[in-house]
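To start, the structure itself, in structure tokens.
2 protein chains.
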Amino acid sequence: MKLHREKRRKSLISAERLRRSGLALSFRLKMEENGKDKGPIVLALDRIPEGSGDLLSRSIAILEKVHPYVCALKLNRHLVLPLGLFSGIRRIVDKAHNLGLPVIMDCKINDVGYTNRVIAENYFNAGFDAVIANPFVGWEEGLQPVFETARRLDKGVILLVYMSHKAASEGYGQKVLDRETNKLKPQYVVFAEKALAWKADGAVVGATYPSKIREVHEILGAKVPIYSPGIGAQGGDLKAASEAGSKYFIIGRSITLADNPAEAAKAFREAAKRLM
Amino acid sequence: MKLHREKRRKSLISAERLRRSGLALSFRLKMEENGKDKGPIVLALDRIPEGSGDLLSRSIAILEKVHPYVCALKLNRHLVLPLGLFSGIRRIVDKAHNLGLPVIMDCKINDVGYTNRVIAENYFNAGFDAVIANPFVGWEEGLQPVFETARRLDKGVILLVYMSHKAASEGYGQKVLDRETNKLKPQYVVFAEKALAWKADGAVVGATYPSKIREVHEILGAKVPIYSPGIGAQGGDLKAASEAGSKYFIIGRSITLADNPAEAAKAFREAAKRLM
Chain A
1 MKLHREKRRK SLISAERLRR SGLALSFRLK MEENGKDKGP IVLALDRIPE GSGDLLSRSI
61 AILEKVHPYV CALKLNRHLV LPLGLFSGIR RIVDKAHNLG LPVIMDCKIN DVGYTNRVIA
121 ENYFNAGFDA VIANPFVGWE EGLQPVFETA RRLDKGVILL VYMSHKAASE GYGQKVLDRE
181 TNKLKPQYVV FAEKALAWKA DGAVVGATYP SKIREVHEIL GAKVPIYSPG IGAQGGDLKA
241 ASEAGSKYFI IGRSITLADN PAEAAKAFRE AAKRLM
Chain B
1001 MKLHREKRRK SLISAERLRR SGLALSFRLK MEENGKDKGP IVLALDRIPE GSGDLLSRSI
1061 AILEKVHPYV CALKLNRHLV LPLGLFSGIR RIVDKAHNLG LPVIMDCKIN DVGYTNRVIA
1121 ENYFNAGFDA VIANPFVGWE EGLQPVFETA RRLDKGVILL VYMSHKAASE GYGQKVLDRE
1181 TNKLKPQYVV FAEKALAWKA DGAVVGATYP SKIREVHEIL GAKVPIYSPG IGAQGGDLKA
1241 ASEAGSKYFI IGRSITLADN PAEAAKAFRE AAKRLM
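Read top to bottom, the protein sequences are chains A and B.
Residues 1 to 276 (this note's numbering) make up the first sequence, in order.
Residues 1001 to 1276 (this note's numbering) make up the second sequence, in order.
This is how it looks when you write it as structure tokens:
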């Protein structure tokens, strides 16, 4: 516990030093600070309800209402494909930054390294602070160029460890042979170990599987924070995920489709704060 | 062999019937026809060399030069992210269609089903004829909505089975426990079996691993054609891939960065035809 406080003090000093030096905070430090100030809810701006105005203005309107209650924004192809990265999306990213929120691109990178680098560079150039990637693709000519690009630009890489959907057990839950020990291990344990070894800035574990969160948290400790999607619409429970070790909670439709998105976000934040 | 000829005759009849009925050919049939007419090379328009004109016009210029020697076009995030799906990319897709080429989107779908459906719908709405997806994500709330969307619109789904990069062995090459038989199996065998069970329109196996192509071809036979990227720049060999069972060869930089892209594409096509 003392060690933990010491680490936290150092991280705050380092954040303060960076700010005074005029350098941008790294993604990881921005998340730490925002998490403390604004609570642990990450807004997923995926499904945007119909209404007056175009998709871009409706998306920004929700962000403007919800921003006091969330610590970061996560975007996915729901908006990137119709709006375009360097037109509409860049405006949402700029708006989020003006509101003090880092922005995560949930692109689940899983191509060959040469292409992964191009994908990461494009998202980082458009202003994103972190990308989500799939460790299944491996390191050499796989995710190595993504981590290199992120380190060079002070951006973040978050790895998928166990997803929130039903068929997650088919891949993330399968048993695989560990080449070193010649023993069987769950795939998500292998992925959590990669997240640790590769110094990822976060690990995604679906809130729909609290027992998996607990197992992954035992491997990662405080070194790699757990992000949990799947709360609300997908059936995940904030309390169970929090008790199991999730640090950030990614919430989409339960906020964006609520009658009052700001109230919904605030309620999730208050519930999360009571658990901390 | 007789059975094979019979199947082919039926497929031609069915293509002819569809054409006469005024309905669009399915992706699978378009590929069959084009492969016979124009050879088995799929152009990957990824890396576009610098030159006069913007990225869009340079991309279309290469397509115009190369189209007589290829049977399809494949796009990836190299162009989608900078050009935007419903602006620049749509123009490239329309141009390819005017030149008689189906267009494959190499988006390696691997999200939850709800998002996968949105991704597939966006690409299909922009005119793409097929999407590439990662079977690691599983079926229920995973790739099921992608296959459903593709079937409804007569589009194609191609599954990753073994990729072309070095670290492919980490994920695609790992040994996994088969739940039914309780025996260890290579991951790519599991994926090939999913491609068969889910009636995929193609399976991607890197040309850099001919022995894997052979193993996968033994499982898939003529039911699911093998697409092999990684020829040229990544070190894969057309002859070895063809002899092992690949049906289509995805070639990018070795054509787009050649001094004369048309000549390069033609040379690959002639080499491939000699092997058939």
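From the three backbone atoms N, C-alpha and C, an ideal C-beta is built for every residue, glycine too.
The three-state secondary structure of residue 1268 of chain B, taken from DSSP, is helix. Exclusion of the five residues before and after residue 1178 of chain B leaves 1184, 1185 and 1190 as the residues of its chain whose Cβ lies within less than 8 Å of its Cβ. Residue 114 of chain A is positioned such that its CB atom lies no closer than 9 Å to that of residue 68 of chain A.
For residue 38 of chain A, no CB of chain B lies under 9 Å from its own CB, so it is not counted at the interface with that chain. Shortest Cα-Cα distance from residue 167 of chain A to any of B:1174, B:1147, B:1138 and B:1158 involves B:1138. Of all residues in the segment 1099-1116 of chain B, only 1108, 1110, 1111, 1112, 1113 and 1115 come within less than 7 Å of chain A when Cβ atoms are compared, listed by chain position. Here the segment 1125-1132 of chain B does not lie against the segment 99-110 of chain A, with fewer than 3 beta-carbon pairs under 8 Å apart. Annotation: the continuous alpha helix (DSSP H) that includes residue 114 of chain A extends over 113-125. Beta-bridge analysis with DSSP links residue 1103 of chain B to B:1073. Within the segment 1066-1078 of chain B, the residues whose Cβ lies closer than 8 Å to some Cβ of chain A are 1076, 1077 and 1078, listed in chain order. The residue among B:1044, B:1154 and B:1229 with its C-alpha nearest the C-alpha of residue 1257 of chain B is B:1044. By the criterion of a C-beta distance shorter than 7 Å, residue 66 of chain A is surrounded in its chain by 43, 255, 261, 262 and 265, once the five residues flanking it on both sides are discounted. The DSSP assignment places complete beta strand (DSSP E) segments of no fewer than 3 residues inside the segment 1202-1252 of chain B at 1202-1205, 1226-1228 and 1248-1251, in order along the chain. Taken in chain order, the members of the segment 176-190 of chain A whose beta-carbon sits within less than 7 Å of a beta-carbon on chain B are 176, 177 and 184. Between residue 248 of chain A and chain B, the shortest Cβ-Cβ separation is not below 9 Å. Under the criterion of beta carbons closer than 8 Å, residue 1247 of chain B and residue 1040 of chain B qualify as touching, at roughly 6 Å.
With contacts defined by Cβ atoms closer than 9 Å, residue 161 of chain A and residue 222 of chain A do not form a contacting pair. Following the DSSP letters along the chain, one finds residue 133 of chain A inside the beta strand (DSSP E) bounded by residues 130-133. Burial state of residue 1208 of chain B is buried, judged by a 10 Å Cβ sphere holding 16 or more other Cβ atoms.
Taking a beta-carbon distance threshold of 9 Å, residue 166 of chain A counts as an interface residue toward chain B. Burial state of residue 274 of chain A is exposed, judged by a 10 Å Cβ sphere holding fewer than 16 other Cβ atoms. Per DSSP, the unbroken beta strand (DSSP E) holding residue 176 of chain A starts and ends at 175-177. Under the 9 Å criterion on CB atoms, residue 209 of chain A is classed as non-interfacial with respect to chain B. A Cβ-Cβ separation of about 7 Å places residue 1159 of chain B in contact with residue 1194 of chain B under the 8 Å criterion. Residue 213 of chain A has its alpha-carbon roughly 24 Å from the corresponding atom of residue 102 of chain A.
Residues of the segment 130-155 of chain A with a C-beta less than 7 Å from any C-beta of chain B: 134, 136, 137, 138, 139, 140, 141 and 142, listed in chain order.
Relative to residue 198 of chain A, the option among A:174, A:233, A:242 and A:143 whose CA is nearest is A:143. For residue 119 of chain A, the chain B residues whose C-beta falls within less than 8 Å of its own C-beta are 1077 and 1081, listed in chain order. At least one C-beta of chain A is nearer than 9 Å to the C-beta of residue 1085 of chain B. Within the same chain, Cβ atoms closer than 7 Å to the Cβ of residue 164 of chain A are found at 206, 207, 208, 229, 230, 234 and 236, the five residues on either side in sequence being excluded.
The Cβ atoms of residue 75 of chain A and residue 89 of chain A lie closer than 9 Å to each other. Unbroken beta strand (DSSP E) runs of no fewer than 3 residues, entirely contained in the segment 1033-1080 of chain B, are found at 1041-1044 and 1072-1075, following chain order. In the three-state DSSP reduction, residue 172 of chain A falls in the coil class, being neither helix nor strand. Taking 9 Å as the CB threshold, residue 169 of chain A lines the interface with chain B. For residue 1092 of chain B, the enclosing alpha helix (DSSP H) begins and ends at 1090-1098. Boundaries of the alpha helix (DSSP H) around residue 146 of chain A: 144-153.
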